[in-house]
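Student: Offset between the sequence shown (1-based) and our numbering: plus 230.
All C-beta atoms, glycine included, are put in the ideal place defined by N, C-alpha and C.
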Amino acid sequence: MVAYHSRKFFARGSSSEKNLESDDHFDRPFLFMAMKGTYRIMKNKLRNLNITKNRMRVALLLVLATSIIVLAPAFSTSARAGSFSINDVSGNYVWHAEGWDLGGTNGKQSVPLSAVGIITYTPATGTFHVDLILRVDGTNLHNLRDGTYTVDATGHGTMTWLSGSGNVKQIDFYIVKGGAELKWIDTDPPGTIELSTIGTMTKQ
231 MVAYHSRKFF ARGSSSEKNL ESDDHFDRPF LFMAMKGTYR IMKNKLRNLN
281 ITKNRMRVAL LLVLATSIIV LAPAFSTSAR AGSFSINDVS GNYVWHAEGW
331 DLGGTNGKQS VPLSAVGIIT YTPATGTFHV DLILRVDGTN LHNLRDGTYT
381 VDATGHGTMT WLSGSGNVKQ IDFYIVKGGA ELKWIDTDPP GTIELSTIGT
431 MTKQ
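1) Output the distance between the C-alpha atoms of residue 281 and residue 323, rounded to the nearest integer angstrom.
2) Give the C-beta separation of residue 412 and residue 329 to the nearest angstrom, bearing in mind that I take them to be a contact with Cβ-Cβ under 8 angstroms.
3) Kindly indicate which residue of 358, 420 and 414 has the alpha-carbon position closest to the one of residue 430.
4) Identify the residues that DSSP records as bridge partners of residue 316: which are they?
5) Helix, strand or coil: how does DSSP classify residue 377 here?
6) Check whether the Cβ atoms of residue 377 and residue 389 lie closer than 8 angstroms to each other.
7) Short of 6 angstroms in beta carbon distance, which residues of its chain neighbour residue 362, apart from the five on each side in sequence? Order them along the chain.
8) For residue 358, tell me which candidate among 410, 396 and 391 has the shortest Cα-Cα distance.
9) Could you tell me the boundaries of the beta strand (DSSP E) in which residue 427 lies?
10) Would you call residue 250 buried or exposed, if buried means 16 or more other Cβ atoms sit within 10 Å of its Cβ?
11) Alpha carbon to alpha carbon, how far is residue 295 from residue 288?
12) Locate the beta strand (DSSP E) running through residue 395, then write down its first and last residues.
Here you go:
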């Protein structure tokens with residue numbers, strides 16, 4: 231009886247061990263699948279992290295590029311300010327002006343004037359030559375004059391010449407767009423017949 235029970239117990243033990251080993255082999259594929267799934271999740275997270283980093287790099291580069299584009303004109307203007315010279319005003323410009331003169335039967339009466347023409351600047355000698363068509367109080371006139379001019383570091387310039395009657399004439403101008411334009415007003419000494427004139431000279 232003891233031997234029989236011993237064999238029976240041994241048989242059960244053997245069966246139990248066999249089932250345990252069978253279950254162990256059965257669980258391994260699930261363990262592998264779980265590890266594989268975890269690997270995929272980690273891989274996806276790393277890929278998403280890399281995408282996020284790349285997007286951040288691109289965004290930073292765009293911000294940097296935009297800053298450079300926005301600030302470049304300011305740096306250019308700052309570098310340009312205070313560095314003008316007479317050489318920035320040279321060659322041919324188209325002269326255009328409008329204003330008021332004294333005229334008519336009453337010496338105190340103001341009459342309109344306008345002008346258009348070509349002015350040539352020569353910085354080497356600081357001189358200019360102007361060839362204008364004038365219209366004063368309904369009368370057309372042709373005006374040829376020569377004079378001198380100056381330009382300071384701020385882009386402010388002056389032009390001086392003598393009128394046909396020998397009066398000193400002067401205008402003050404400022405350089406615009408690096409010399410592409412000159413904005414000016416009449417600054418004749420007191421006592422001249424020209425009341426007020428403004429105009430623009432544009433590089434031809």
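Tutor: Let me spell this out:
1) Walking along the sequence shown from the start, residue 281 turns up at place 51. Walking along the sequence shown from the start, residue 323 turns up at place 93. Each residue's alpha carbon lies about 57 angstroms from the other.
2) Working through the sequence shown from its first residue, we reach residue 412 at position 182. Working through the sequence shown from its first residue, we reach residue 329 at position 99. So it is not a contact: roughly 16 angstroms between Cβ atoms.
3) Here residue 430 refers to the residue found at position 200 of the sequence shown. That would be 414, whose Cα lies nearest to the Cα of residue 430.
4) If you number the sequence shown from 1, residue 316 lands on position 86. Residue 316 is not bridged to any residue.
5) Sequence index remark: in the sequence shown, residue 377 carries index 147 (1-based). In this structure, residue 377 counts as strand in the three-state DSSP scheme.
6) Position 147 of the sequence shown holds residue 377. Position 159 of the sequence shown holds residue 389. Contact: yes.
7) Counting from one through the sequence shown, the residue named residue 362 turns up at place 132. Here the set comprises 345, 347 and 373.
8) Counting from 1 along the sequence shown, the entry for residue 358 is found at position 128. The residue with the shortest Cα to Cα distance from residue 358 is 391.
9) Taking the sequence shown and counting its residues from 1, one reaches residue 427 at position 197. Looking at the DSSP string, the run of the beta strand (DSSP E) that includes residue 427 is 424-433.
10) Here residue 250 refers to the residue found at position 20 when the sequence shown is read from its first residue. The predicted model places residue 250 with a pLDDT of 48, which falls under 50 and marks its position as unreliable, so this point remains unresolved.
11) By 1-based counting over the sequence shown, the position of residue 295 is 65. By 1-based counting over the sequence shown, the position of residue 288 is 58. So the alpha carbons of these two residues sit roughly 10 angstroms apart.
12) On the sequence shown, residue 395 is found 165 positions in, with the first residue counted as 1. First-last for residue 395: undefined, no H or E at that position.
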